[in-house]
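Residues in the sequence shown are numbered from 504 upward in steps of one, following this note's numbering. Read the structure below first, then the notes.
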Amino acid sequence: MVGALFVVGSSVMDSPNGPCLCLDAHTRSSQNNKRILGSTGSSFTGSGIVFRLSSKKRVPRILTRRSRGRLLIVSEDVAGNYDDTFGDVKTQLVNYFTYKAVRTVLHQLYEMNPPQYTWFDNYVVSNRPTDGKRFLRNLGKESQELAERVMITRLHLYGKWIKKCDHGKIYEDISDENLALMRERLMETVIWPSDDSNSEVIS
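Printed below as a string of structure tokens:
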């Protein structure tokens, strides 16, 4: 099978010393359509990655299967080409700040109003604030005062976070963690020479 070799720079590393992705593209044709099948190899992970690009638009997804060499199948783009507006991320942020506001209000009540703290603590145990909107809707039916207090607190906490959040630092932390994990995986897959093999080479 004939293919062309491309070297693509990492999308998260603009440095010339950053890791590169080698892509060996092959063309396969069938009666129904024609698509490009590209396979990649990584020196960090020692596993192959296959990217399937089709003319038909599909929802990006990652599929894995067991086969020789533990082949990883990745549909669409390498970095996950999002066509939406990251609404799921926004929802998770709102839910997290609702949870954080609940913990803050509980701490305040523990110091200023122990009876109300006991009631609210029992309520939170029975109604976990995993879904912020549903949690506050139900809490408002039981205690409108506490529901409004949590809503005001989560907005205040989010405002403080916006001022302190360093998006560049978060990006850098993610990049550093990616490299650390790949380096860790590399060290796990390296086969170090044994003492016996060293002795044979010397003799």
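The beta-carbon is built from N, C-alpha and C at its ideal position, and this holds for glycine as well.
Taking a cut-off of 8 Å for Cβ pairs, the stretch 678 to 694 and the stretch 609 to 619 do not touch, as fewer than three such pairs fall below it. Comparing C-alpha distances from T633 to each of K603, D669, G671 and D676 shows the shortest one belongs to K603. Its chain contains P632, G635 and R657 as the residues whose beta carbon lies nearer than 6 Å to that of T601, once the 5 sequence neighbours on both sides are disregarded; these appear in chain order. Under the criterion of beta carbons closer than 8 Å, L642 and T607 do not qualify as touching, at roughly 15 Å.
Contact between D591 and L609 does not hold, since the beta-carbon distance rounds to 27 Å and is not under 8 Å. Across the structure, Y626 and M690 are spaced so that their CA atoms are roughly 48 Å apart. Runs of the alpha helix (DSSP H) lying entirely within the stretch 615 to 653, each at least 4 residues long, are 617 to 629 and 635 to 645 in chain order. The DSSP-derived three-state label of F600 is helix. Proximity to V628 across Q647, A650 and V605 peaks at V605, based on C-alpha coordinates. Each of V653, I677 and H670 was checked against the Cα of V597, and the nearest Cα belongs to V653.
In the DSSP assignment, S678 falls within the unbroken alpha helix (DSSP H) covering H670 to T692. K663 and D669 have their C-alpha atoms some 12 Å from each other.
Assignment of W695 by DSSP, reduced to helix, strand and coil, places it in the coil class. By the beta-carbon neighbour count (other beta carbons within 10 angstroms, threshold 16), F589 is exposed.
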